[in-house]
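Only one structure is covered here, and it is reproduced in the block below.
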Amino acid sequence: MLQIKYLAGYPESLLLQVATLMDSGQLGNWLAKRYPERHDIQTDRALYDYVSELKQRYLKNTPALARVQYDNKLHPVKGTLGTNAFVSRVQGGKLKSKNEIRIATLFRDTPPQLLRMIVVHELAHLKVKDHDKAFYQLCCHMEPHYHQLEFDLRLWLLARELETATGN
Numbered sequence: 001m002l003q004i005k006y007l008a009g010y011p012e013s014l015l016l017q018v019a020t021l022m023d024s025g026q027l028g029n030w031l032a033k034r035y036p037e038r039h040d041i042q043t044d045r046a047l048y049d050y051v052s053e054l055k056q057r058y059l060k061n062t063p064a065l066a067r068v069q070y071d072n073k074l075h076p077v078k079g080t081l082g083t084n085a086f087v088s089r090v091q092g093g094k095l096k097s098k099n100e101i102r103i104a105t106l107f108r109d110t111p112p113q114l115l116r117m118i119v120v121h122e123l124a125h126l127k128v129k130d131h132d133k134a135f136y137q138l139c140c141h142m143e144p145h146y147h148q149l150e151f152d153l154r155l156w157l158l159a160r161e162l163e164t165a166t167g168n
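Counted from 1, the sequence shown has number 12 at position 12 by the UniProt record's numbering; the numbering is strictly sequential.
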């Protein structure tokens, strides 16, 4: 079976289509046509506002977010696109907890649909910790095209690496 980075577990027929696009040097062009614009959420404050708006729309009864920010230490090669941390600290005689979401800095350059997919993924972890059926149902509730966008994000990461490797 054909192995392509980021696409383990996908059907062979799909992998062959991706390999054809890669071999012809057209993967980046195909993605650019599919997602022509880039989002304008460039600051941590703008990201916090964007995430908070989605959270308010879909997850009103979940705990508040203490921090949302881009993080240049996160990278897909290490398997991390974003994180959702639940931080507990003792303050006086009470236990205070905070939720933090961090998104890999490289996603400042993504199309808006792909950033939304990552944010939806991290927000879903506020309610469901594991990647199980309930988790993906929640993701699809917040973003009906979640699975397609997740696949396209994997292609975007692959295309980005190919461009870096070839110097284009």
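All residues carry an ideal CB built from backbone N, CA and C; glycine is no exception.
Between the stretch 35–50 and the stretch 125–134 there are fewer than three C-beta pairs closer than 8 Å, too few to call the two in contact. DSSP, read as helix, strand or coil, puts D49 in helix.
Distance from the CA atom of R154 to the CA atom of T105, rounded to whole angstroms, is 16 Å. Apart from sequence neighbours up to five positions away, the residues of its chain that approach I41 with a beta-carbon distance below 7 Å are L47, Y50 and L115, ordered along the chain.
Within the same chain, Cβ atoms closer than 7 Å to the Cβ of L2 are found at E12, L15, L16 and A19, the five residues on either side in sequence being excluded.
For the pair Y6 and L157, the CB atoms are nearer than the 9 Å cut-off.
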